[in-house]
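J.:
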Amino acid sequence: MTATLSGVHADDGLPALDPAPTRLAETLDRLCTDWAQATGATPLTVPPLLRVEDLARLGVYENFPQLALVSSSLNVEDTSSGCLAQQAAAGRFTPKALHSAQLALPSSACYGVYLHYQGRQLDEAGALVTVLGQCYRNEDHYDGLRRLKAFRMREVICLGTAEQAAAHLEHSSQFIERLTAAIGLPVRRHAASDPFYDQNGDRAAFQRVVTVKHEYHYGGMAIASVNTHHKFFGERCDITVPGEDVSASTSCVGFGIERWLHALADHFGDWSHAQAAVEKAARSISS
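Counting with full-length UniProt numbering, you get residues 1 to 287 for the letters of the sequence shown.
So this is what it looks like as structure tokens:
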């Protein structure tokens, strides 16, 4: 559906933003990035597409297949250009017109980070990195900026000992609460299941016993979350910490940029008031 926010166009879950919301998104992301770097996080760039076999190793397709989107190339060897043009004009390519898909559009920004560190031993300080990822999810419906097929996620990821991962979650939670208070945005903190895994699977049952994720909700919509994965990604990617080849623990905090835009515009009524509130909060937090 199309978003009703002024300056936002989100047909079929694909967002386009006019200058005012674009500026607000940049301001918000810069605020989060400044905080991340002030805590010692190093900016990182990861590939926008990932190999399907790499994501399979992370359990994506056995635990979360319904959200997966993959990328293919056109089978120009067996399909004429005229036929391809006709199919494109009709809005879709048939399976015969496509090669088998070997690449995937990631549904979470941190996947590429764990794959970037695969096979490595971290130093005693661990690793703290931040990425701005373009994420893709095949949802059963789309709703303006609240639920999108393509969206941006600012993440700050810790890889290290269990103590380092836990400390990152604590610092991240404190920042989210300071930020929303400084902006004047009312949010509620909720325990949740980690979206990396099937809600009906064994790992989801484990999460009901040991909380591994908390979300910060505005109007029933999660705009930020803090997550611990224990040693799951460390084991899958062979990432270790100094010692007797102990697998690294990981944790991350994520800020859904477009969802923040929706929350800010909804709460303040227009982009200019939202922009002023975020800029004021940035000055308050940095002082």
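Note that beta-carbon positions come from the ideal geometry of N, C-alpha and C, so glycine has one too.
Any idea if residue 259 is buried or exposed, counting beta-carbon neighbours within 10 angstroms, 16 or more meaning buried?
T.: What you label residue 259 is simply residue 259 of the sequence shown in a count that begins at 1. The residue is buried, with at least 16 neighbouring Cβ atoms inside 10 Å.
J.: If we count the other Cβ atoms within 10 Å of its Cβ and call it buried at 16 or more, is residue 243 buried or exposed?
T.: Numbered from its first residue, the sequence shown carries residue 243 at position 243. With fewer than 16 Cβ atoms within 10 Å of its Cβ, residue 243 is classed as exposed.
J.: Where in the stretch 112–157 do unbroken runs of the beta strand (DSSP E), each at least 3 residues long, occur, reported from the N-terminal end onward?
T.: Listed in chain order, the complete beta strand (DSSP E) runs (minimum 3 residues) inside the stretch 112–157 are 127–136.
J.: Note down the Cα distance separating residue 29 from residue 275, rounded to an integer number of angstroms.
T.: Here residue 29 is taken as the residue at index 29 of the sequence shown, counted from 1. Here residue 275 is taken as the residue at index 275 of the sequence shown, counted from 1. About 12 Å.
J.: Let me confirm a value: residue 305 is counted as buried when at least 16 other C-beta atoms fall within 10 Å, else exposed. Which label applies?
T.: One cannot answer for residue 305 here, as it falls past the ends of the chain, which runs 1 to 287.
J.: Taking residue 160 as the reference, which of 143, 193, 137 and 228 has the closest Cα?
T.: As a position in the sequence shown, residue 160 is number 160, starting the count at 1. Of the listed residues, the one whose Cα sits closest to residue 160 is 228.
J.: Taking the alpha-carbon positions, what's the residue 120 to residue 213 distance?
T.: Sequence index remark: in the sequence shown, residue 120 carries index 120 (1-based). Sequence index remark: in the sequence shown, residue 213 carries index 213 (1-based). Cα-Cα distance, rounded: 26 Å.
J.: Roughly how many angstroms lie between the CA atoms of residue 21 and residue 139, to the nearest whole one?
T.: Along the sequence shown, read from residue 1 onward, the residue named residue 21 stands at position 21. Along the sequence shown, read from residue 1 onward, the residue named residue 139 stands at position 139. Distance between the alpha carbons of residue 21 and residue 139: 24 Å.
J.: If you draw a straight line from the alpha carbon of residue 18 to that of residue 170, how long is it in whole angstroms?
T.: Looking up residue 18 in the sequence shown gives position 18. Looking up residue 170 in the sequence shown gives position 170. The alpha-carbon atoms of residue 18 and residue 170 are separated by roughly 35 Å.
J.: With DSSP collapsed to three states, give me the class of residue 353.
T.: Residue 353 lies beyond the residue range present for the chain, which begins at 1 and ends at 287; the question has no answer from this structure.
J.: Identify the continuous beta strand (DSSP E) that holds residue 252 and give its terminal residues.
T.: Residue 252 sits at position 252 when you count from the first residue of the sequence shown. Residue 252 -> beta strand (DSSP E) spans 249–256.
J.: Taking the Cβ atom as the reference point for each residue, do residue 152 and residue 223 lie within a distance shorter than 8 Å?
T.: For the purposes of this step, residue 152 is taken as the residue at position 152 of the sequence shown. For the purposes of this step, residue 223 is taken as the residue at position 223 of the sequence shown. Not closer than 8 Å, so no.
J.: Could you pull the start and end residues of the alpha helix (DSSP H) that residue 36 belongs to?
T.: The residue you call residue 36 lines up with position 36 of the sequence shown. Start and end: 19–38.
J.: Grouping DSSP H, G and I as helix and E and B as strand, with all else coil, what is residue 234?
T.: By 1-based counting over the sequence shown, the position of residue 234 is 234. Three-state result, residue 234: helix.
J.: Use the C-beta contact count for residue 86: other C-beta atoms within 10 angstroms, 16 or more gives buried, fewer gives exposed.
T.: In the sequence shown, residue 86 corresponds to position 86, counting from 1. Exposed, by the Cβ-count rule.
J.: By Cβ distance below 6 Å, which residues in the same chain neighbour residue 332 in space, the five residues on each side in sequence not counted?
T.: Within the shown structure, residues of the chain are numbered from 1 to 287, placing residue 332 beyond reach of any answer.
J.: Hey, could you find the ends of the beta strand (DSSP E) residue 311 is sitting in?
T.: There is no way to answer for residue 311, as the model of the chain reaches only from 1 to 287.
J.: Per DSSP, what kind of secondary structure is residue 173 in: helix, strand or coil?
T.: As a working mapping, residue 173 is identified with position 173 in the sequence shown. Three-state DSSP puts residue 173 in a helix.
J.: By alpha-carbon positions, which one of 137, 33, 46 and 286 ends up nearest to residue 70?
T.: In the sequence shown, residue 70 corresponds to position 70, counting from 1. Nearest option by C-alpha distance: 137.
J.: Three-state secondary structure (DSSP) at residue 262?
T.: Here residue 262 corresponds to residue number 262 of the sequence shown, with the count starting at 1. Helix at residue 262.
J.: Terminal residues of the continuous alpha helix (DSSP H) containing residue 84?
T.: On the sequence shown, position 84 is the one that residue 84 refers to. It spans 81–90 - the alpha helix (DSSP H) in which residue 84 sits, taken as one unbroken run.
J.: With a CB to CB cut of under 7 Å and the five nearest residues on each side skipped, what residues in its chain are close to residue 246?
T.: One-based indexing of the sequence shown puts residue 246 at position 246. The residues are 240.
J.: Tell me the rounded alpha-carbon separation between residue 12 and residue 148.
T.: One-based indexing of the sequence shown puts residue 12 at position 12. One-based indexing of the sequence shown puts residue 148 at position 148. Their backbone Cα atoms lie some 8 Å apart in a straight line.
J.: Quick one: what does DSSP say residue 13 is sitting in, helix, strand or coil?
T.: By one-based count along the sequence shown, residue 13 stands at place 13. Of the three classes helix, strand and coil, the one that applies to residue 13 here is helix, per DSSP.
J.: For the alpha helix (DSSP H) that residue 53 lies in, which residues bound it at each end?
T.: Here residue 53 corresponds to residue number 53 of the sequence shown, with the count starting at 1. That run of the alpha helix (DSSP H) goes 52–57.
J.: Identify the residues that DSSP records as bridge partners of residue 62: which are they?
T.: In the sequence shown, residue 62 corresponds to position 62, counting from 1. Paired residues: none, contrary to the question.
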